[in-house]
Amino acid sequence: DLDRLHGFSLWSVQGGVGQMTEYHVDYAEIYRRETGIIRPPLHAITLQLSPVDPEDIEGGTFGAHVGGIEHYARHGYKCRLAPPQGGYPTPDWCTDAGWRHAP
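Offset between the sequence shown (1-based) and the numbering used here: plus 1192.
Listed below in structure tokens is the structure:
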């Protein structure tokens, strides 16, 4: 895949004790904004690092939908075509079979 690599991005989102971290912009979004072309990441990873015990962590579910561009087209950028309800990130969060979640 390295011969097809377009770019690389690494960043940190920090939050203090008792705080949430807000949504952040990733490389694919920056590329889309600058070019108007949607290129989903070929490889992606997220790490959650905290000096706390697992039972003291609240929230933080990571999910990715395997529907790719078709899922994006149905819901729009940040779900502008299909606004979510109840505080979920998408209207089909955890109910559509295409969602995959990190344990």
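C-beta atoms are modelled at their ideal positions from N, C-alpha and C, and glycine is treated no differently.
Determine the extent of the beta strand (DSSP E) in which Ala1274 is found, giving its start and end residues.
Careful: Ala1274 lies outside any beta strand (DSSP E) and carries neither H nor E.
Do you know whose CA, among Pro1243, Thr1227, Arg1292, lies nearest Gly1207's CA?
Pro1243
Tell me which residue opens and which closes the beta strand (DSSP E) that Ala1256 is part of.
1255-1257
Considering Cα atoms alone, identify which of Cys1271, Asp1288, Ala1289 is closest to Pro1281.
Cys1271
So for Arg1231, helix, strand or coil by DSSP?
coil
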